[in-house]
Structure formats: C-alpha cells, structure tokens
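Below: the structure, in structure tokens.
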Amino acid sequence: MGAMATSTIAGSLHSRHLHCRILLLLLPYLPIAFLLVDGGGIPTTLDGPFTPATRAFDRSLRRGSEDVPLSDPRLAPRARPPSPEQIALAASADPTSLWVSWVTGRAQVGSHLTPLDPTAIRSEVWYGERPASADTVGHPHVARGSAEVYSQLYPYPGLLNYTSGVIHHVRLVGLRPSTRYYYRCGDSSLKGGLSDERSFRTLPAPAPDAYPRRVAVVGDLGLTGNSTSTVDHLARNDPSMILMVGDMTYANQYLTTGGRGVPCFSCSFPDAPIRESYQPRWDGWGRFMEPLASKVPMMVTEGNHEIEPQGHGGAVTFASYLARFAVPSEESGSNTKFYYSFNAGGIHFIMLGAYVDYNRTGAQYSWLEKDLQKVDRRVTPWVVASWHSPWYNSYSSHYQEFECMRQEMEGLLYQHGVDIVFSGHVHAYERMNRVFNYTLDPCGPVYITVGDGGNIEKIDIDHADDPGSCPSPGDNQPEFGGVCHLNFTSGPAKGKFCWERQPEWSAFRESSFGHGILEVVNSTYALWTWHRNQDTYGEHSVGDEIYIVREPDKCLLQPRGVISQDWTGPRG
Numbered sequence: 001m002g003a004m005a006t007s008t009i010a011g012s013l014h015s016r017h018l019h020c021r022i023l024l025l026l027l028p029y030l031p032i033a034f035l036l037v038d039g040g041g042i043p044t045t046l047d048g049p050f051t052p053a054t055r056a057f058d059r060s061l062r063r064g065s066e067d068v069p070l071s072d073p074r075l076a077p078r079a080r081p082p083s084p085e086q087i088a089l090a091a092s093a094d095p096t097s098l099w100v101s102w103v104t105g106r107a108q109v110g111s112h113l114t115p116l117d118p119t120a121i122r123s124e125v126w127y128g129e130r131p132a133s134a135d136t137v138g139h140p141h142v143a144r145g146s147a148e149v150y151s152q153l154y155p156y157p158g159l160l161n162y163t164s165g166v167i168h169h170v171r172l173v174g175l176r177p178s179t180r181y182y183y184r185c186g187d188s189s190l191k192g193g194l195s196d197e198r199s200f201r202t203l204p205a206p207a208p209d210a211y212p213r214r215v216a217v218v219g220d221l222g223l224t225g226n227s228t229s230t231v232d233h234l235a236r237n238d239p240s241m242i243l244m245v246g247d248m249t250y251a252n253q254y255l256t257t258g259g260r261g262v263p264c265f266s267c268s269f270p271d272a273p274i275r276e277s278y279q280p281r282w283d284g285w286g287r288f289m290e291p292l293a294s295k296v297p298m299m300v301t302e303g304n305h306e307i308e309p310q311g312h313g314g315a316v317t318f319a320s321y322l323a324r325f326a327v328p329s330e331e332s333g334s335n336t337k338f339y340y341s342f343n344a345g346g347i348h349f350i351m352l353g354a355y356v357d358y359n360r361t362g363a364q365y366s367w368l369e370k371d372l373q374k375v376d377r378r379v380t381p382w383v384v385a386s387w388h389s390p391w392y393n394s395y396s397s398h399y400q401e402f403e404c405m406r407q408e409m410e411g412l413l414y415q416h417g418v419d420i421v422f423s424g425h426v427h428a429y430e431r432m433n434r435v436f437n438y439t440l441d442p443c444g445p446v447y448i449t450v451g452d453g454g455n456i457e458k459i460d461i462d463h464a465d466d467p468g469s470c471p472s473p474g475d476n477q478p479e480f481g482g483v484c485h486l487n488f489t490s491g492p493a494k495g496k497f498c499w500e501r502q503p504e505w506s507a508f509r510e511s512s513f514g515h516g517i518l519e520v521v522n523s524t525y526a527l528w529t530w531h532r533n534q535d536t537y538g539e540h541s542v543g544d545e546i547y548i549v550r551e552p553d554k555c556l557l558q559p560r561g562v563i564s565q566d567w568t569g570p571r572g
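Residues in the sequence shown are numbered from 1 upward in steps of one, following UniProt numbering.
Okay, structure coming up:
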C-alpha cells in the first residue's frame, strides 16, 4: 500500500475517533434520540437487552494460520549483549509510578545448562521529561531494580531444558500523571549496555473526569500470521494502554526441541511424557511486541497456556509468566502476580486469576473483597475486571468450563457494581447483555469475550445451541478447579444443559480474529468497539460498536446478602 493510501486510512481513522470523542464529551447533555442519529446509529446499553444476533463465520477467511518462524526479522534477536531487548512497560497501582522490564544476555537450550548470573549486570532506568543528548546518558533521574533468570527443566529422556536471559524489572516512582517521559534502560557501566531512547506517557491521575485515551483489549494472541495482523491493526488504533487477557505466546504448542507448532498438542504428540513447551517462542514474542510494549503499558493476566508444567509430574508451573512480567501486585495489596489491581484515570482495573484458588475461603477472594471495598466511585467511577476464562459463553468450546468460579465470585462483583468484564479463552468474539446469574439484569456487568487474537489453535465456530453441538457435561474439564456443570433451572432452557437457540443473555457473537478498543470519556459513558482484522483497511468499518452506559443512581451497591445466595443451578 502506498504512502498516500496509508495517509488516507490514518486520516479517516483519526477523523472518526475525533468525531466519536466530541460526541462522548457531549453525552451527558444530549438526548439519546439525538445520539442514535448523529452518532451514526450506534446503540447504547440503555437500548438493551438486545435480541441475540450471530454473524455467520465468513468461509472466505482462514480459520487459522501457522506460527511465524523465529527466523523472521520481527522475532529474531536485534540487540547484541549486553544491550537490552524485549523492553516492555507495565502500569503500577497508580500513575505516579510505572514498571520497565527488559532482557539481557542470551537464553540457552540444551541438556546441561549453566544459568546466567543476574547479579553480573545492573538494572537501571535513566529517565526525564526531555530527550537526552546523543553523547551522554543525559537523563536527570535514575531508578534501579532487580534481575532474575528462570529455567524450564524436564527430567525426561530426549527433552531439552531452557534457561532464560537475565530479566530485569525496575519501578519508576514520583512520576507526574499525564506526562511524557523519555528513558533508556540497561547498564550504564557497560559499553553498549543502554538501550536507545524510548518514551512513554504516564496515565492520568484517578479522577472522575480523566481517562486513558484508548484502552486496547486482546486475548489469546499467539504469534501466527493472524496474530501479527491483530497487533498491526491494534497499533494503528494508537492505544494508550493494552489489556492482555491471557494466553500470550502458545509456546506450549511445541516440543522442547522446537520444530513446528501444532494446533493440538495432545493430538500430534500423544506419547509426550508432559505438556512440553519451546521457551524461545517467549523470547520471539517479547521482541515482536517490543515496538508497542516499550511505548504503552501492557497489563497481563495468566491463561491456561501460561501453566507450562515442568519437573517431575509437572510440579512447577507458570515459571515464565511469573519471571517475565512486572505487575503491581504488592502495590495493590496482593501477594502474587496472579491477581492485582491498578487505577488509570477514573477507571479501577481488577485482574483476576482463573488458575489459582478462587473459592470464597481463599486468599484471592479475600483480597478481591478488600480491593472492591476500597474503591471510591466518586474518584474512579468505572470498575473493569478481567480474567482469562469466561463465565458467560455460548460457544461449544469451553462451555460452562469455569462455572465453579462464577458461582464463587459473581455475587461479589455484582454487589460492588462492576461495570465491564473482559475475558478470552474462547477463540471468538461475544458480547453479552447485562446479566447476573444467567438472568437478564440491568445492573449486571457487560461481559465481553475477546479471545480472538489469532493464535495457532484456530478460530472457534461452533455454538452450544447449534444442532448436535451441545457438549456433554463431561466435556470442557478445566485445567484448574472443580467441575460445576449444571442444567438450567428455569426459562426456555429449563432442565437442559444447552439452549436450543442463542441464549437471551448473548447479545452478539461472531467468529473472526480481532481486538477491542475501550474509550471511556466521562463517569457514565464509554464507547466499546470491536475491530475485526478483515476490516483493517475499511473506512468506518467495525465488527461491533456500542456505548456502555453506567446508571449509578439506578444500580446502587447491592446488600452484602446477595453474595451468600445459594445457587441451585444457572437459570435460563
């Protein structure tokens, strides 16, 4: 595509977003009828609940594509040690601080490995509000942090081990919100030890009238040709932050010896002694994401593909996830990277763990209860939660898989008026009507599944309500937690495990690869847009678009008793 065409596309996208932003700023003062005309017919959740709709899978599109090889220039090493690579940012609990992470040295794959010494190189970030001169370090501030290495070890004949490069995490503090900073990371005592200069803009301070300009949401990304299209499309939408809702690299679709990744590991390697992984895919993914992740915070939560068991019987799990990502767990009162929270302007984000204990007697539930109790809706009116595995899902894949987690935690989220929930896991898109306990409820959250990032396992196209596609209660066993599959106890699906038509709580669904953009502009209105990959070059073309409207006067915080409700089964 030529420069003129690219400029035209960028201009039309900018014009459209500017138009939407002006409308959003005026929303509190305009009647809904006007918005539906001048806003291009974009519906609001006030118009719901919506009649369930399905856009059929476009058979002209590929259901999946192969992984990009590590020899691709976007994945191959570009920096020579000791120069940093795989640079990434993460928000802290509030916008006055921010995490910077990177990797130095070379990872190793083999049978007998000697890990690198993380104490042999410094972890420094030099930063300031102005670009540095070319001949000096130049930035007025320096922050220092910690470094570590991790290993993926397999005590089985023929399997290869892995040990990482040195992974650095540094937290910058005392930052000014909504401010541009310039930085270099690495070790200033070594020749070539510092990165090129990068920059980021801090998120806005918590306030009811300040919001991140644009939050990208993507799940189950992987590193296929489809994944690269998703990231290119996402970058074109110019986000100020990214929510990555689990299943990042799909390194566990490989043998430890590398080779080609496969859509189904157990199908291709039924005799494997353990679910293997090829950890260099993590390094390739970090290099691929660096151009974007080194400019805007990328907030992650773990998925099932991050479990990556190792050791005898898979006793050790999540080693890569826990080592590679910095998250504000300690800052938000959590004692683990599996769940945490942070503020970004007037939004309080909660990242939960579906693959650690979520029972009401456990540490995560206790932390979540305390975290929600501390939210001041006068300062952060919006509460957005994310975890990997969806509670509401009408696709055959993973149908009712995390019903136990829903039964344990849904009441707590409803009691505290959580506004939006993002999940992945199902490789398709689905937006729900407001719902609580499988019943349409104007005060329930808007649940959205965006597990359509483009990974090697292909798109999901079968719905549980399609003839012959209802899973058996023995299917969809979770990789963590119990099984709570139940029949519906009332409504059109009473006595059945699946609906015979698209459930009333499912507003819209489509099997296409893509990502979402959340634009919150004031305390009651937000624009949610789902962008399909095939619409990248389409002017004013989106897969799904809706104004999500909060009604705080109507939906007051619920009494504590609602969380102790006894569910005898999901209602239809």
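Glycine included, each C-beta is placed from N, C-alpha and C at the ideal position.
> For Ala428, is the classification buried or exposed, using 16 other Cβ atoms within 10 angstroms of its Cβ as the cut-off for buried?
Replying inline: Locating residue 428 in the sequence shown gives position 428, where the first residue counts as 1. Ala428 is buried by the Cβ-count criterion.
> Helix, strand or coil: which one does DSSP assign to Pro297?
Replying inline: Indexing the sequence shown from 1 puts residue 297 at position 297. Looking at Pro297 - three-state DSSP - the assignment turns out to be strand.
> If you draw a straight line from the alpha carbon of Ser229 to that of Gly495, how long is it in whole angstroms?
Replying inline: Here residue 229 is taken as the residue at index 229 of the sequence shown, counted from 1. Here residue 495 is taken as the residue at index 495 of the sequence shown, counted from 1. The straight-line gap from Cα to Cα measures roughly 43 angstroms.
>> I'd like to know whether the C-beta atoms of Phe422 and Asn226 end up nearer to each other than 8 angstroms.
In response: For the purposes of this step, residue 422 is taken as the residue at position 422 of the sequence shown. For the purposes of this step, residue 226 is taken as the residue at position 226 of the sequence shown. Going by C-beta atoms, Phe422 is not nearer than 8 angstroms to Asn226.
>> Please report the straight-line C-alpha distance between Val450 and Asn476, rounded to a whole angstrom.
In response: Here residue 450 refers to the residue found at position 450 when the sequence shown is read from its first residue. Here residue 476 refers to the residue found at position 476 when the sequence shown is read from its first residue. C-alpha separation (whole angstroms): 19 angstroms.
> Considering only C-alpha positions, which residue in the set Thr54, Pro49, Pro43 is nearest to His463?
Replying inline: One-based indexing of the sequence shown puts residue 463 at position 463. Considering only Thr54, Pro49, Pro43, the residue with the shortest C-alpha distance to His463 is Thr54.
>> I need the DSSP call for Ser266, collapsed to helix, strand or coil.
In response: Looking up residue 266 in the sequence shown gives position 266. Helix, per DSSP.
> Looking at the structure shown, is Val542 part of a helix, part of a strand, or coil, going by DSSP?
Replying inline: For the purposes of this step, residue 542 is taken as residue 542 along the sequence shown, with counting starting at 1. Of the three classes helix, strand and coil, the one that applies to Val542 here is coil, per DSSP.
> DSSP on Asn343, reduced to helix/strand/coil?
Replying inline: As a working note, residue 343 is residue 343 in the sequence shown. Note: Asn343 maps to strand in three-state DSSP.
> Taking DSSP as the reference, what is the three-state secondary structure of Trp391?
Replying inline: Locating residue 391 in the sequence shown gives position 391, where the first residue counts as 1. Three-state DSSP puts Trp391 in coil, outside helix and strand.
> For the alpha helix (DSSP H) that Met409 lies in, which residues bound it at each end?
Replying inline: Sequence index remark: in the sequence shown, residue 409 carries index 409 (1-based). Looking at the DSSP string, the run of the alpha helix (DSSP H) that includes Met409 is 403-415.
> Out of curiosity, what's the CA-to-CA distance linking residue 573 and Thr249?
Replying inline: The question about residue 573 has no answer here: the residues shown for the chain are numbered 1 through 572.
> With respect to the beta strand (DSSP E) encompassing Ser195, which residues constitute its N-terminal and C-terminal limits?
Replying inline: Within the sequence shown, the letter at position 195 stands for residue 195. Careful: Ser195 lies outside any beta strand (DSSP E) and carries neither H nor E.
> Do you know offhand how far Glu401's Cα is from His531's?
Replying inline: Locating residue 401 in the sequence shown gives position 401, counting from the first residue. Locating residue 531 in the sequence shown gives position 531, counting from the first residue. Distance from the CA atom of Glu401 to the CA atom of His531, rounded to whole angstroms, is 27 angstroms.
>> With three or more C-beta pairs closer than 8 angstroms as the rule, is the segment 49-68 touching the segment 500-513?
In response: yes
>> Which same chain residues end up closer than 7 angstroms to Ile274 when comparing Cβ atoms and leaving out the 5 residues on each side of it in sequence?
In response: Your numbering for residue 274 matches position 274 in the sequence shown. Correct list, in chain order: Tyr154, Tyr156, Pro309, Gly314.
> Within 10 angstroms of its Cβ, does Leu556 collect 16 or more other Cβ (buried), or is it exposed?
Replying inline: Position 556 of the sequence shown, counted from the start, is the residue given in the question as residue 556. With fewer than 16 Cβ atoms within 10 Å of its Cβ, Leu556 is classed as exposed.
> Between the C-alpha atoms of Thr114 and Glu148, what's the straight-line distance to the nearest angstrom?
Replying inline: Counting from 1 along the sequence shown, the entry for residue 114 is found at position 114. Counting from 1 along the sequence shown, the entry for residue 148 is found at position 148. Each residue's Cα considered, the two are about 14 angstroms apart.
> What residues in its chain sit with their C-beta under 6 angstroms from that of Pro381, if we drop five residues either side in the sequence?
Replying inline: Here residue 381 corresponds to residue number 381 of the sequence shown, with the count starting at 1. Scanning its chain for C-beta atoms nearer than 6 angstroms, with the 5 sequence neighbours on each side dropped, one finds around Pro381 the residues Pro208, Gly346, Ser523, in chain order.
>> Please report the distance separating the alpha-carbon of Ala88 from that of Phe488.
In response: What you label residue 88 is simply residue 88 of the sequence shown in a count that begins at 1. What you label residue 488 is simply residue 488 of the sequence shown in a count that begins at 1. C-alpha separation (whole angstroms): 44 angstroms.
> What did DSSP end up calling Gln400 once you bin it into helix, strand or coil?
Replying inline: Locating residue 400 in the sequence shown gives position 400, where the first residue counts as 1. Coil at Gln400, not helix or strand.
>> What does the Cβ neighbour count give for Asn335, buried or exposed, with the cut at 16 atoms within 10 Å?
In response: One-based indexing of the sequence shown puts residue 335 at position 335. Flag for Asn335 reads exposed.
>> Does Gln507 come out as helix, strand or coil in the three-state DSSP assignment?
In response: The residue labelled residue 507 in the question sits at position 507 within the sequence shown. In the sequence as presented, Gln is not what sits at residue 507; that position holds Ala. Ala507: strand per DSSP, three-state reduction.
> Hey, out of Val384, His416, Ser396, Gly362, whose CA is closest to Glu519's CA?
Replying inline: In the sequence shown, residue 519 corresponds to position 519, counting from 1. The shortest C-alpha separation from Glu519 is found at Val384.
>> Can you tell me where the alpha helix (DSSP H) holding Leu372 begins and where it ends?
In response: For the purposes of this step, residue 372 is taken as the residue at position 372 of the sequence shown. Here the alpha helix (DSSP H) through Leu372 covers 363-374.
>> Buried or exposed, going by whether 16 or more other CB atoms sit within 10 Å of the CB of Ser71?
In response: Walking along the sequence shown from the start, residue 71 turns up at place 71. By the neighbour-count rule (16 or more Cβ atoms within 10 Å), Ser71 is not buried but exposed.
>> For the segment 243-257 against the segment 176-190, do three or more pairs of beta-carbon atoms, one drawn from each stretch, fall closer than 8 angstroms, so that the two count as touching?
In response: Flag = no, the segment 243-257 and the segment 176-190 do not touch.
>> Quick check: what's the CA-CA separation for Ser397 versus Pro503?
In response: Here residue 397 refers to the residue found at position 397 of the sequence shown. Here residue 503 refers to the residue found at position 503 of the sequence shown. Distance between the alpha carbons of Ser397 and Pro503: 15 angstroms.
>> Out of Pro43, Tyr438, Met289, Phe200, which one is the CA nearest neighbour of Pro131?
In response: Here residue 131 corresponds to residue number 131 of the sequence shown, with the count starting at 1. Checking every option, the nearest Cα to that of Pro131 belongs to Phe200.
> Considering Asn161, what are the terminal residues of the beta strand (DSSP E) in which it resides?
Replying inline: The residue you call residue 161 lines up with position 161 of the sequence shown. Element bounds for Asn161: 161-163.
> Thinking just about the alpha-carbon of each residue, which of Gly165, Leu221, Leu368 is nearest to the one in Ile242?
Replying inline: For this step, residue 242 is matched to residue 242 along the sequence shown. Ile242 has its Cα closest to that of Leu221, out of Gly165, Leu221, Leu368.
>> Going by DSSP in three states, Trp499 sits in which element: helix, strand or coil?
In response: As a first step, residue 499 is located in the sequence shown; it is residue number 499 there, counting from the start. Note: Trp499 maps to coil in three-state DSSP.
>> With distance defined between alpha-carbon atoms, name the residue in Arg213, Ser472, Cys498, Phe325 nearest to Arg171.
In response: Numbered from 1 along the sequence shown, position 171 holds the residue referred to as residue 171. Nearest C-alpha to Arg171: Phe325.
> Mind checking His112: buried by the 16 CB within 10 Å criterion, or exposed?
Replying inline: Sequence index remark: in the sequence shown, residue 112 carries index 112 (1-based). Looking at its Cβ environment, which holds fewer than 16 other Cβ atoms inside 10 Å, His112 is exposed.
> Got a sec, what are the start and stop residues for the beta strand (DSSP E) Gly225 sits in?
Replying inline: Locating residue 225 in the sequence shown gives position 225, counting from the first residue. That residue, Gly225, is in no beta strand (DSSP E); its alpha helix (DSSP H) goes 225-236.
>> Measuring only the C-alpha atoms, how far is residue 591 from Ser266?
In response: The chain is shown from 1 up to 572; residue 591 falls before or after that span and cannot be answered.
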